[in-house]
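Take 5 as the starting number for the first sequence in our numbering and just add one per residue.
Yeah, the Cβ is synthetic: ideal placement off N, Cα and C, and Gly gets one too.
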Amino acid sequence: MLRIYNSMSEKKEDFVPLNGKNVGIYACGMTVYDKPHIGHARKEVAIDLIVNYLKYSGFSVTYVRNFTDIDDKIIARANERGIDFRALTEENIEAFYKAMDALGLARPDIEPKATAHIGEIISMVQKLIDKGFAYPTSDGSVYFAVEKFKGYGKLSGRKLDEMISGTRFDVEESKQNPLDFALWKASKPGEPKWESPWGEGRPGWHIECSAMSTKYLGESFDIHAGGRDLIFPHHENEIAQAECATGKPFAKYWVHNGFLTVEGEKMSKSLHNFITVEDALKQYHPEVLRYFMLSTHYRTPIDFSMANLKDTEKKICYFYNTLKTLNQFAAKAAKPVRNEKAAEFINEFKEAMDDDFNSARVVAALFNLFKHLNEVLVSKKTRPTPDECAGFAEAIKEVGSVLGVLLRDSDEITNEIKEIQIVRYGISKDEIEEIINKRKAFRAEKNFEMADKMREELLEKGISIQDTPNGTEWSFN
RNA sequence: GGCACCUUAGCCAAGAGGUAAGGCAGAGGUCUGCAAAAUCUCCAUCUCCGGUUCGAAUCCGGAAGGUGCCUCCA
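1) Can you tell me which of the three DSSP states T93 falls into?
2) If you follow the alpha helix (DSSP H) that A364 is in, where does it begin and where does it stop?
3) On a Cα-Cα basis, can you pick out the residue from S61, I417 and Y429 that is closest to L462?
4) Can you name, in chain order, every residue of its own chain whose Cβ lies under 7 Å from the Cβ of K197, other than the five neighbours on each side?
5) Any idea if V20 is buried or exposed, counting beta-carbon neighbours within 10 angstroms, 16 or more meaning buried?
6) Could you tell me how far apart the beta carbons of C248 and F153 are, in whole angstroms, since I believe they sit closer than 8 Å?
7) Only counting the same chain, and skipping five residues up and downstream in sequence, which positions put a Cβ closer than 6 Å to that of A394?
8) Helix, strand or coil, according to DSSP, for D18 in the structure here?
9) Kindly indicate which three-state DSSP category V341 falls into: helix, strand or coil?
10) Per DSSP, what are the beta-bridge partners of N10 in this structure?
11) Taking the CB atoms as reference points, tell me whether F225 and G62 lie closer together than 7 Å.
12) Give the list of continuous alpha helix (DSSP H) stretches no shorter than 4 residues that lie fully inside the region 163-219.
13) For K328, name the three-state secondary structure that DSSP assigns.
14) Could you please give the first and the last residue of the uninterrupted beta strand (DSSP E) stretch that includes P140?
15) Rounded to the nearest angstrom, what separates T93 and N372 at their Cα positions?
16) According to DSSP, is Y322 helix, strand or coil?
17) Can you tell me whether T35 is helix, strand or coil according to DSSP?
18) Identify the continuous alpha helix (DSSP H) that holds Y57 and give its terminal residues.
19) Drop a sphere of 10 angstroms on the beta-carbon of S145, count the other beta-carbons inside from all chains shown, and report buried for 16 or more, exposed for fewer.
20) DSSP puts K117 in a beta bridge; with which residues?
21) May I have the straight-line CA-CA distance separating K319 from A368, to the nearest angstrom?
22) Closest to R3 by CA distance: which of P140, A149, I51 and S13 is it?
23) Taking C-alpha atoms, which residue in R7, P40, K59 and M34 lies nearest to E402?
24) Please list, in chain order, all residues of the same chain as P390 whose beta carbon is under 7 Å from its beta carbon, the five residues on each side excluded.
25) If you compare alpha carbons, which of D75, K15, H289 and R85 is closest to I122?
26) Just the Cα atoms here: how many angstroms apart are L381 and F71?
27) When the distance is taken between beta carbons, is I211 closer than 7 Å to L187?
28) Which residues does DSSP pair with V266 in a beta bridge?
29) Taking the alpha carbon of A80 as the reference point, which residue from K450, E195 and P182 has its own alpha carbon closest?
30) Please state whether DSSP places N261 in a helix, a strand or coil.
31) Given that a residue counts as buried once 16 or more other Cβ atoms are within 10 Å of its Cβ, and exposed if not, what is K1?
32) Considering only the beta carbon of each residue, do I42 and I279 sit closer than 7 Å?
33) Do A215 and I125 have their CB atoms nearer than 7 Å?
34) Locate the alpha helix (DSSP H) running through S468, then write down its first and last residues.
35) List the endpoints of the continuous alpha helix (DSSP H) containing F296.
36) Have a look at R172 and D165 and give me their C-alpha separation to the nearest angstrom.
Quick look at the structure:
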């Protein structure tokens, strides 16, 4: 039985979809005013994992993720750069795809954009006005009246009167209550605008998600996801808009991923620790990045540091090394056979994932399996049959396809990782091979003293070598 | 001020009231010309103080430290 932590109830609940095996999931996508950063990547990896596992568990999933392609920051950024806001958002959507594709993330089934749903947004706003939950102001904006919705604050655990007393921002005079938020914003001269019953303007932030999620998934749907920071006000406001407009409960399960910090601090422009996915991928292989994110449970805060990534890189190499050996034996298989150990591994995987998608526990299961494989593959006496080896390979692929790792050819990915390391360490391949060849010559004439000297030379550059039956291989420490 | 969250070995990181998964680093074996890789063995009573319980890292109360949100944020 799959259990999911629901931010609404603040505990793990049995996952029972509204419509049998059909699951609707909406994840707040990015506001495309800039390139995606590694915090976005974490969120996307988490959702990808969840969607993959739901499918793996036999659910038929409709996954919707929006692009918010109109808002204050977008307008500001476009003005700064002196380009049309559409040019800016298109550019960043492209960057988003590039980054997420590199990380091996599946595209959602539906990817609605706010600007393509102005009609739906306007009609939802109108409905809210008609029902008395919203009011237009003299300047042509429309606000949601938070006091009218008695459930306001139920997701974030806040009470209206407490929030009002804690208000620190300037109160706009046209608002009836300082916490009222804009559903529709009157446009200022020169700003992007759409016709509406209240004059020319644009949607407020929040409303696009209510309008688009209910359009594609129905008035009530199963899972709504996003980063922790969206709980308030974004998701709280989405609930208010949707439930008041439809009169029905909105999302059943609220899933929020934990934040990512960089070297212990929140990413921010002022701290100069803002890392885009693009930059991170120059330093580390996408699979390393992905595995790094999966080795911490999605709700736990994760600290991004180069030291942590280096550890992760080692682990990925370890897995693929073993996989290479395994596949050599599996190559002779007639038909994959899943032995007890392989079955046990799959069970551990399911148990961990059923427990609120606990990929960190899966990591432990992976290590236990690989340790076993290394132990057993090394000698003829203990080695599983080729069919069993193929069974292991198959089981690993099964798990890997949910996690999005360990699906590649060992040699291929090892080389890719090496290429990245070479750039990172600023060492040339020829230089390394030259020293290795020198050492080889010394070894041939049994001049071990000089041979060891060559090895030390490499060690100083951060490279260790392994003498194998197939010759000398090298890797970064 | 309000609301959330976090605190597990040198580091990273799971822990569903029943007596601490896993990884890195470290120590010691096996293997090796020597190494490396791989493997084996060893390595924590869970920030603190109370309480509930036969029994708590896990529940309750309090304290300390940290983080996030309350204005844009995955």
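According to the structure data:
1) T93: helix per DSSP, three-state reduction.
2) First-last of the alpha helix (DSSP H) with A364: S363 to L381.
3) Minimum Cα distance to L462 is reached at Y429.
4) Here K197 has S191, E204, G205 and R206 as same chain residues with Cβ atoms under 7 Å from its own Cβ, once five neighbours each way along the sequence are excluded.
5) Answer is exposed; the Cβ neighbour count stays below 16.
6) Contact holds; Cβ gap of about 5 Å.
7) If you ignore the 5 residues before and after A394, its C-beta comes within less than 6 Å of the C-beta of A334, A337 and P340, all in its own chain and listed in chain order.
8) DSSP places D18 in strand when its eight states are reduced to three.
9) It is coil, neither helix nor strand.
10) K15, per the DSSP bridge assignment.
11) No.
12) The qualifying runs are 164-169.
13) Here DSSP, grouped into helix, strand and coil, assigns K328 to helix.
14) Run containing P140: A138 to P140, per the beta strand (DSSP E) assignment.
15) Approximately 45 Å, taken between the alpha carbons.
16) In the structure shown, the three-state DSSP call for Y322 is helix.
17) In the structure shown, T35 sits in a strand (DSSP, three-state: E or B).
18) Segment I42 to Y60, the alpha helix (DSSP H) holding Y57.
19) That one is buried.
20) Paired residue(s): F71.
21) Using only the alpha carbons, I get a separation of about 12 Å.
22) Since the first residue of the chain shown is 5 and the last is 481, residue 3 is not available in this structure.
23) Here the closest residue by C-alpha is K59.
24) Cβ contact annotation for P390 (same chain, cutoff 7 Å, sequence separation greater than five): F333, A334, K336 and A337, in chain order.
25) Comparing Cα positions, the closest option is D75.
26) C-alpha separation (whole angstroms): 48 Å.
27) Contact flag set, yes.
28) Beta-bridge pairing by DSSP links V266 to E269 and F308.
29) Checked all of K450, E195 and P182; the closest Cα to A80 is E195.
30) Strand.
31) Outside the displayed range of the chain (5 to 481) lies residue 1, so it cannot be described from this structure.
32) Cβ atoms of I42 and I279: closer than 7 Å.
33) Yes, these two residues count as a Cβ contact at 7 Å.
34) Counting along the chain, S468 sits inside no alpha helix (DSSP H); it lies in the beta strand (DSSP E) bounded by residues I467 to T472.
35) Here the alpha helix (DSSP H) through F296 covers P290 to L298.
36) The pLDDT assigned to R172 is 49, lower than 50, so where the model puts this residue is not dependable; a value taken from the coordinates is nonetheless given after this. For R172 and D165, the gap between their C-alpha atoms comes out near 14 Å.
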